[in-house]
Amino acid sequence: MTPQRSGGTRANLSGNRLERFVSEILEEIDYLYIEPNRFLPMRELEQPIYSRQFETGKSIYGKRRFVDLILYHPRLYPECLAIQCKWQASSGSVEEKYPYEVLSIHQNEYDTIIILDGGGYSAGAKQWLTNQSGKNRLKHVFNQGEFANYTNRGNLG
Numbered sequence: 196m197t198p199q200r201s202g203g204t205r206a207n208l209s210g211n212r213l214e215r216f217v218s219e220i221l222e223e224i225d226y227l228y229i230e231p232n233r234f235l236p237m238r239e240l241e242q243p244i245y246s247r248q249f250e251t252g253k254s255i256y257g258k259r260r261f262v263d264l265i266l267y268h269p270r271l272y273p274e275c276l277a278i279q280c281k282w283q284a285s286s287g288s289v290e291e292k293y294p295y296e297v298l299s300i301h302q303n304e305y306d307t308i309i310i311l312d313g314g315g316y317s318a319g320a321k322q323w324l325t326n327q328s329g330k331n332r333l334k335h336v337f338n339q340g341e342f343a344n345y346t347n348r349g350n351l352g
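See below:
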């Protein structure tokens with residue numbers, strides 16, 4: 196018998212799948228995966244690289260802050276680009292965390308893209324989050340398909 200998984204466990208598994216989706220796209224366009232503790236020094240190689248679960252400093256509450264993925268491209272993103280993957284398959288409290296995420300992005304040193312998918316967020320929450328893009332460090336909010344199209348147009352390399 197398969198054990199029951201809590202909503203949080205299912206959300207984490209789905210979020211990990213979304214991160215893997217992004218990783219696969221990055222590798223298809225010749226980004227090399229680098230362990231988080233080696234990411235910053237490896238930028239000297241002047242080639243596209245990325246890492247997962249990378250510490251970017253402090254959150255708005257002063258806690259350690261991690262981004263799901265960070266990438267470096269010598270021509271397109273010499274200052275790096277963070278990618279946050281937000282999966283919400285059913286309605287719940289996750290969307291209440293969007294303002295926290297946006298405020299933390301704004302105090303972050305890296306431009307950021309959010310990939311929002313799963314269909315469980317409310318239309319109002321998605322609209323609010325989308326309206327925040329283009330302000331300060333949050334550059335875009337995409338779903339999976341939009342992110343794939345953005346990448347296919349050469350925006351990541």
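In this text, residue positions in the sequence shown follow my numbering: the first is 196, and each later residue adds one. Every residue gets a Cβ at the ideal spot worked out from N, C-alpha and C, and that includes glycine.
Residue i versus residue j - alpha carbon distance
| i | j | result |
| --- | --- | --- |
| E222 | K334 | 22 Å |
| G340 | I220 | 12 Å |
| R247 | N331 | 23 Å |
| P269 | K292 | 33 Å |
| P231 | P243 | 15 Å |
| R295 | Q327 | Checking the sequence, you will find Tyr at residue 295 rather than Arg. Distance between the alpha carbons of Y295 and Q327: 12 Å. |
| Y345 | D312 | 15 Å |
| G352 | L276 | 12 Å |
Simplified DSSP state of residue i, which is helix, strand or coil
| i | result |
| --- | --- |
| P236 | helix |
| Q248 | strand |
| K321 | helix |
Top-ranked residue by Cα proximity to residue i, from the options
| i | options | result |
| --- | --- | --- |
| Y245 | R260, G252 and L266 | L266 |
| E274 | L311, D225 and T251 | T251 |
| G319 | N338, S285 and E290 | E290 |
| I229 | F249, C280, E304 and N350 | F249 |
| V297 | I255, N211 and D225 | I255 |
Start and end residues, beta strand (DSSP E) containing residue i
| i | result |
| --- | --- |
| A277 | Y272 to W282 |
| L311 | D306 to D312 |
| I300 | First-last for I300: Y293 to Q302, but that is the alpha helix (DSSP H), not the beta strand (DSSP E). |
Contact check, residue i vs residue j, beta carbons under 9 Å
| i | j | result |
| --- | --- | --- |
| I308 | F342 | yes |
| E304 | D263 | no |
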